[in-house]
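Only one structure is covered here, and it is reproduced in the block below.
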Amino acid sequence: MTEFKKHIEINKKAWNKRTSIHIQSNFYNNEEFKKVKDSLKSIELNAIGDVKGKSLLHLQCHFGQDSISFARMGAKVTAVDFSDVSINEAKKISVKINVHFKFIESDVLELKLDKEFDIVFSSYGTIGWLPDLDKWAATIATHLKKRRIFLLTEFHPFLVLINNGYYYFYSFKPDIEIENGTYTDGGTELVTNTCCWNHLLTNIFSALESNGLKLTHFKEFDFSPYLLE
Ligand SMILES: C[S@@+](CC[C@H](N)C(=O)[O-])C[C@H]1O[C@@H](n2cnc3c(N)ncnc32)[C@H](O)[C@@H]1O
Numbered sequence: 000m001t002e003f004k005k006h007i008e009i010n011k012k013a014w015n016k017r018t019s020i021h022i023q024s025n026f027y028n029n030e031e032f033k034k035v036k037d038s039l040k041s042i043e044l045n046a047i048g049d050v051k052g053k054s055l056l057h058l059q060c061h062f063g064q065d066s067i068s069f070a071r072m073g074a075k076v077t078a079v080d081f082s083d084v085s086i087n088e089a090k091k092i093s094v095k096i097n098v099h100f101k102f103i104e105s106d107v108l109e110l111k112l113d114k115e116f117d118i119v120f121s122s123y124g125t126i127g128w129l130p131d132l133d134k135w136a137a138t139i140a141t142h143l144k145k146r147r148i149f150l151l152t153e154f155h156p157f158l159v160l161i162n163n164g165y166y167y168f169y170s171f172k173p174d175i176e177i178e179n180g181t182y183t184d185g186g187t188e189l190v191t192n193t194c195c196w197n198h199l200l201t202n203i204f205s206a207l208e209s210n211g212l213k214l215t216h217f218k219e220f221d222f223s224p225y226l227l228e
């Protein structure tokens, strides 16, 4: 097994443990979500436009709140995550609220579907878990129809300096941490190992461009939906 694969396995264990806490958390407020079926933020809603009738591939969907929100808006959603616990929870929620879409358990770096989509989407807290942006961009490029949209709404890579004081530039070696708890409420007893990488804007753009995507829209915000909305 390569070093990257070992790191991904470590992360998968962490996400499986976290998911059970997240489902119960006030942060994700899943009981309320099941009623309103909308977890999308203004940033992605303003950027993505009308999704009705469009095929949408959601990468790193966690337990599916955003996937369900897009499906409720009329998109034909395929949602992918490497956490089996997350995918199983997403399936349970979709059956419960009768909003259906396709779920796939896979590492996004290894994803091979025999299908191209109108939209590929990923958001908030995703690429930092991926060691290899070139493979990530290749996944996007091979699953996107020509001249269609890939939308990424992500935390600014500069935040690691402000929040954690990490080294700003990408390093092949991940930042390996033993974490107590998670980013939601609850789970104070949870202990996980995690491996993360900080990806510079330059690296994100060049990975996408070298896989044939063209940057048409880029915006930075002075707020985070997870702190202010
Ligand atoms: C912060 S969450 C997803 C973000 C989403 N905005 C949310 O809060 O529901 C990150 C997700 O990435 C998934 N993930 C991490 N590394 C992955 C990989 N290599 N392949 C597929 N999924 C991965 C985790 O299982 C987790 O569900």
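Numbering follows numbering that gives the first Met the number 0, in which position 194 of the sequence shown is assigned residue number 193; successive positions increment by one, without gaps. From the three backbone atoms N, C-alpha and C, an ideal C-beta is built for every residue, glycine too.
When DSSP assignments are scanned along the segment 103 to 148, the uninterrupted stretches of beta strand (DSSP E) that are 3 or more residues long and fall wholly within it turn out to be 116 to 122.
Between the alpha carbons of Asn10 and Glu188 lies a gap of roughly 18 Å.
In the structure shown, Thr183 falls within a coil segment according to DSSP collapsed to helix, strand and coil. When the alpha-carbon of Pro156 is set against those of Phe168, Ala206, Ser66 and Leu55, the nearest one is in Phe168.
The segment 55 to 109 contains, as complete alpha helix (DSSP H) runs of 4+ residues, the segments 64 to 71 and 83 to 96 (chain order). Looking at the backbone, the Cα of Lys5 and that of Ala70 are separated by about 34 Å. Here the alpha carbon of Tyr225 sits roughly 20 Å from the alpha carbon of Lys34. Annotation for Tyr225 indicates a beta carbon at 6 Å or more from all heavy atoms of ligand 1. Contact between Thr183 and His21 holds: their C-beta atoms lie close to 5 Å from each other, under 8 Å. Using a cutoff of 6 Å, the CB of Ile20 does not count as near ligand 1, since none of the ligand's heavy atoms is closer than that. Looking at the DSSP output, Asp174 bridges to Cys195. Remark: three or more beta-carbon pairs, one from each stretch, lie closer than 8 Å, so the segment 108 to 124 and the segment 141 to 152 are flagged as touching. The alpha carbon of Ser205 has as its nearest neighbour, out of Trp196, Leu132 and Gly186, the alpha carbon of Leu132. Excluding its 5 nearest sequence neighbours in each direction, His142 has C-beta neighbours in its own chain below 8 Å: Leu56, Leu110, Leu112, Lys114, Glu115, Phe116 and Val119, listed in chain order. Secondary structure at Val50: coil, using DSSP grouped into helix, strand and coil. Within a 10 Å sphere around the beta-carbon of Tyr166 sit fewer than 16 other beta-carbons, which makes this residue exposed.
For Ala74 and Val98, the gap between their C-alpha atoms comes out near 11 Å.
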